[in-house]
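These notes concern the structure reproduced below.
Residue numbers (my numbering), protein chains in the order written: chain A, 1 to 100; chain B, 1001 to 1742.
Spelled out as structure tokens, the structure:
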């Protein structure tokens, strides 16, 4: 009973939401990192996104890298939450399903 | 410990079908369990009833106190002469009699009314709600009840009141007026209540333990019963011969005749029977069921084809081609490297984890189960979508410049918004000083188009022409498959009267269209006005034989070539419609091979007899319908393939709008870097789920559906009959999964 109470206190979300957050953060990290690199090398394709102002490339690149880093942190936190969730889920008894 | 034991029991394997003795034992066990359960339930109900009665009595005793105080007040008033009484009472005891008990709260108004009428106003009802919820012992639902007390005078009234109470389902309880006696009864009742609570707990535990033992076995019992039932059901299909043997006829794949023989021998020895089970092949003219061997990869595609119609016996199975053509067409309609990659990863995850998922398959809901069964389809779809995305050069609405663009704008100042630069390909040369390098982008569409205003004008034309070409290829392939079907059947009549005219017709019209597309792509026309391919095609029929004029023709003497093709196509129509019926009429024996080798349900070969119903008119009508279907289908199906363009356009536009409206926000506003970074974090968290839900799931389903339609209709109506019956052998697995109704 004790660990059950402890589980409610520690994990912020259930197994589904922590998995979603892990996947979203993984995608966010990779994609924002790449987007940051593309902004950094001043790719012409992204000119439309900057409202045709060429001076904004560097600030866009920096903010993408920062956002990517933030997603990395969020990803690690939610991965830790996911591990906790899996551990607690493994301890819970399985209920019988009757197959009709 | 308990749940751990339960867990072990479940992971044990599926039990085998029980034999006679085990079945009898099982029946006895189940009967005994039933008797015990009924008994326990009955006991519990009786105990509960007792328990609630005691509780009600306790409440009555409690509220009696309050009632009596009121009653005493009434008596005092009587003695004070405020109340009048009837002369009937005379000098007998003026003390009011009473009855107390418990009644459903809902019935109180009725009770009051009936009492008032029956006693002519001389009975007094007082009631108090019972706050503790009391349950009906049989149904365990809560019924709100109230205690009541009725004051009256005289024996007659007492009888009437009792009858009313009975009628309304109110239970009366004996209650003494004196406080001390009530107190004593209350103490006794309390004691009995506590005793009963203990007994009820015991009963509850006993029932729980008994059911717990059942839980361990119930799944295996259900499986055993289902298996035995299936076995007996199948055995009922056997016939009993005169010599006391059981005989049955069925279908067996020829490749597995040996295996069946071995299994029969095994069964005979394990059943300990003296006589051998014999397997004989029997010749029949019945059409066998269709059996396609499939493995985990092909099963999904086979299911997609079978959903439209199971292949006729020994017809070419289109599923084998679908394994590649379906994902390919899906990719053409989906066409984004990023979305395709995500879909590919999803499919890959399902495939890599398939052994874990197979075990949990029963607990899946229908949609998840369907997604799991289609895991290879999803993975291949994603893969081909990535390939198409590379060709369209589209990743999340942006283009990748991998090889270096072949275009360069001729400007000296930085690019500004609102100014248009036209890049002219006519004078080409080395890049910085020319607009176009002269060498096209090696693989896919040049990334410069992503920034071009007239992007859609170019891309639409390209995708539409691509759609027509792909459609022609698939339709021609379909017609070729029909040739192989005819050849297998040995029906040369069909080859000459159906396949050849169909092929010529298709190629003369749609094949010529594809030729013009390629021709226009490969030639550079120096005229200012480019000839329109569609106008050429239309004038092929509507302006038959007339020269097209220099501005409208792709090559010299185009009108002669087109007229010749039109004539050839038109000749094919009566060829398709009339040749086969007339030849069949003149040479009836030729007819046999063109119909199926097997007739349904006829035992001997009736060559002339059972084709009686195929009279001349029937054949002509049938042939006319097929001809019209094919000729009109050539045009309409080709146009139908344009959905390849339409869906990819929709996908590209949706993707672009999503990026422009959502993901562009942090970069296009003039925020400082910290604000930009925070906004990027939030905007991505909005953009990503929207991408998944709208662009991957919704568009994915849409592209899946349309690719499937293209296969079912436009591809398969060139060759597929699909009139077969699936081969469904006896299988415990299918029965236990509930796929078969027995």
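Glycine included, each C-beta is placed from N, C-alpha and C at the ideal position.
Note to self: I want to see whether chain A comes within less than 8 Å of residue 1734(B), judged by CB atoms only; does it?
What the structure shows: Not a single C-beta of chain A is nearer than 8 Å to the C-beta of residue 1734(B).
Margin query: Is it buried or exposed, residue 1386(B), if we count other Cβ atoms within 10 angstroms and call 16 or more buried?
Written below: Residue 1386(B) should be labelled buried.
Next item on the list: For residue 1342(B), count neighbouring Cβ atoms within 10 angstroms of its own Cβ and tell me buried if that reaches 16, exposed if not.
Entry: The residue in question, residue 1342(B), is buried, as its Cβ has 16 or more Cβ neighbours within 10 Å.
Next item on the list: Evaluate residue 1339(B) with the Cβ neighbour count: other Cβ atoms within 10 Å of its Cβ, from every protein chain shown; 16 or more gives buried, anything less gives exposed.
Entry: Label assigned to residue 1339(B): buried.
Check: How big is the Cα-Cα spacing for residue 1682(B) and residue 74(A)?
Finding: Approximately 12 Å between the Cα atoms of the pair.
Checklist line | Touch test, the region 1146–1155 of chain B against the region 1100–1113 of chain B, Cβ-Cβ under 8 Å, three pairs minimum | finding: These segments touch.
Next item on the list: Report yes if the C-beta distance between residue 1171(B) and residue 1065(B) is below 8 Å; otherwise report no.
Entry: The answer is no: Cβ separation not under 8 Å.
Check: Is the Cβ of residue 30(A) closer than 8 Å to any Cβ of chain B?
Finding: It does not; no Cβ of chain B falls within 8 Å.
Check: For residue 1182(B), which residues from the same chain have a beta carbon less than 8 Å from its beta carbon, with the 5 sequence-adjacent residues on both sides left out?
Finding: By the criterion of a C-beta distance shorter than 8 Å, residue 1182(B) is surrounded in its chain by 1061, 1064, 1065, 1175, 1176, once the five residues flanking it on both sides are discounted.
Item checked: Spatial distance of residue 1229(B) from residue 1219(B) (CA atoms) -> Approximately 15 Å, taken between the alpha carbons.
Check: Pairing CB atoms from the region 32–52 of chain A with CB atoms from the region 1657–1676 of chain B, are three or more of them under 8 Å?
Finding: When C-beta atoms of the region 32–52 of chain A are compared with those of the region 1657–1676 of chain B, three or more pairs fall below 8 Å, so the two segments count as touching.
Note to self: Could you compute how far the alpha carbon of residue 1699(B) sits from the alpha carbon of residue 1347(B)?
What the structure shows: Here the alpha carbon of residue 1699(B) sits roughly 16 Å from the alpha carbon of residue 1347(B).
Check: If you drop the 5 nearest sequence neighbours on each side, which residues of the same chain put their C-beta closer than 6 Å to that of residue 1186(B)?
Finding: The beta carbon of residue 1186(B) lies closer than 6 Å to those of 1061 in the same chain, with the five residues before and after it left out.
Next item on the list: Could you tell me whether any Cβ in chain B is nearer than 8 Å to the Cβ of residue 45(A)?
Entry: Yes, because at least one Cβ of chain B sits closer than 8 Å to the Cβ of residue 45(A).
Check: Is the beta carbon of residue 1625(B) sitting closer than 8 Å to the one on residue 1584(B)?
Finding: Against a cut-off of 8 Å, the Cβ pair of residue 1584(B) and residue 1625(B) comes out as no contact.
Checklist line | residue 86(A) at chain B interface by Cβ criterion, 8 Å | finding: No, no contact with chain B.
Item checked: 8 Å CB neighbourhood of residue 1245(B) in its chain, flanking five on each side removed -> So the qualifying residues of the chain are 1275.
Next item on the list: Could you check what DSSP says for residue 1086(B) in three-state terms: helix, strand or coil?
Entry: For residue 1086(B), the predicted model reports a pLDDT of 46, less than 50, meaning its position is unreliable; a value from the coordinates is still stated below. Coil, per DSSP.
Notebook entry, point to check: Roughly how many angstroms separate the alpha carbons of residue 1702(B) and residue 1394(B), rounded to a whole number?
Noted result: One C-alpha to the other measures close to 19 Å.
Item checked: Distance between residue 1029(B) and residue 1382(B) (C-alpha atoms, nearest Å) -> Each residue's alpha carbon lies about 54 Å from the other.
Next item on the list: Measure from the C-beta of residue 16(A) to each C-beta in chain B and report whether the shortest distance is under 8 Å.
Entry: No - not a single Cβ of chain B is within 8 Å of the one on residue 16(A).
Notebook entry, point to check: Looking at the C-beta of residue 54(A), does it have a partner C-beta in chain B at a distance below 8 Å?
Noted result: Any Cβ of chain B closer than 8 Å to the Cβ of residue 54(A) would place that residue at the interface, and such an atom is present.
Item checked: Through-space distance from residue 1491(B) to residue 1719(B), alpha-carbon basis -> Computed Cα separation, rounded: 14 Å.
Checklist line | Beta carbon proximity, residue 78(A) to chain B, threshold 8 Å | finding: Not a single C-beta of chain B is nearer than 8 Å to the C-beta of residue 78(A).
Check: What are the uninterrupted segments assigned as alpha helix (DSSP H) that are 4 or more residues long and contained completely in the region 1669–1726 of chain B, given in chain order?
Finding: Qualifying alpha helix (DSSP H) stretches, in chain order: 1673–1690, 1699–1709.
Next item on the list: Out of 1281(B), 1575(B), 1117(B), state which residue places its alpha-carbon closest to the alpha-carbon of residue 977(B).
Entry: Only positions 1001 to 1742 of chain B appear in this structure, which leaves residue 977(B) out of reach.
Next item on the list: Keeping to the same chain, check which residues put their C-beta closer than 6 Å to that of residue 1731(B); ignore five residues upstream and five downstream.
Entry: Excluding five sequence positions before and after residue 1731(B), none of the CB atoms of its chain fall closer than 6 Å to its own CB.
Notebook entry, point to check: Which one or two residues does DSSP pair with residue 1128(B) in a beta bridge?
Noted result: DSSP lists 1147(B) as partners of residue 1128(B).
Item checked: Proximal residues, the region 1663–1675 of chain B versus chain A, C-beta separation under 9 Å -> Under the 9 Å Cβ criterion, the region 1663–1675 of chain B contributes 1663, 1664, 1666, 1667, 1668, 1669, 1670, 1671, 1672, 1673, 1674, 1675.
Checklist line | Own chain partners of residue 1301(B) with C-beta closer than 6 Å, once the 5 adjacent residues on each side are dropped | finding: Around residue 1301(B): 1319, 1322, 1323.
Margin query: Check whether chain B comes within 8 Å of residue 60(A), counting only Cβ atoms and requiring the distance to be less than that.
Written below: Cβ-Cβ to chain B under 8 Å: yes for residue 60(A).
Notebook entry, point to check: Can you find a CB in chain B that lies within less than 8 Å of the CB of residue 91(A)?
Noted result: Under the 8 Å criterion on CB atoms, residue 91(A) is classed as non-interfacial with respect to chain B.
Item checked: Listed by chain order, chain A residues near residue 1684(B) by CB distance under 7 Å -> Under the 7 Å cutoff, chain A gives 28, 32, 67.
Check: Between the C-alpha atoms of residue 1263(B) and residue 1734(B), what's the straight-line distance to the nearest angstrom?
Finding: Going from the Cα of residue 1263(B) to the Cα of residue 1734(B) covers about 19 Å.
Note to self: DSSP three-state label for residue 1438(B), please.
What the structure shows: Looking at residue 1438(B) - three-state DSSP - the assignment turns out to be coil, as it is neither helix nor strand.
Check: Opposite residue 1104(B) in the DSSP bridges: which residues?
Finding: Looking at the DSSP output, residue 1104(B) shares a beta bridge with 1145(B).
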